[in-house]
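This report refers to the structure that appears directly beneath it.
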Amino acid sequence: MALPLLLLPGLLCGCQDREARAENARLAARVTALEAQIGALAAQARTERRTRADADSVVRQAAAQNCANDLARFLESLRQDVGTYPAMRLVTLPDSCVDLRVNWRTLKPEAYAFDVLDKGGEVLATGRGP
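Just so we're on the same page, the working numbering is the position in the sequence shown counted from 1, plus 269.
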């Protein structure tokens with residue numbers, strides 16, 4: 270009777286080892302699958318960030334170009350009314366230039382040139398007259 274009791278732990282350990290190895294193999298496969306999913310999701314997130322950044326850039330460029338067009342239209346209408354471009358103190362930036370900066374390269378009675386910049390100082394659009 271003592272001999273079978275002594276063999277029982279060895280037999281149970283053998284079963285547990287096989288079950289544990291099988292469970293470890295299943296878990297390893299699951300971890301590999303999850304790592305692959307994480308990699309795919311990370312790649313998708315990078316692509317979406319680039320797409321969003323590209324869209325933001327296009328919107329910023331369009332807003333700056335709109336500002337430049339509106340400012341040029343304002344300057345040209347004053348020149349048509351008065352015959353010259355206005356002095357700097359008479360220039361009012363259009364509403365489309367909100368959140369943008371205008372850097373004047375020149376503003377003389379006979380010509381103007383300016384850059385439209387974002388808050389970071391990047392030139393997004395330019396305008397000039399004759």
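Idealized CB from N, CA, C, for every residue including glycine.
Check                                                                                                    : Outcome
Three-state secondary structure assigned by DSSP to residue 300                                          : helix
Residues that DSSP places opposite residue 386 in a beta bridge                                          : 370, 392
Rounded straight-line distance, which links the Cα of residue 309 to that of residue 387                 : 35 Å
CB contact flag (residue 341, residue 393, <8 Å)                                                         : no
Inter-stretch contact at 8 Å, needing at least 3 Cβ pairs: the region 372 to 383 / the region 322 to 329 : no
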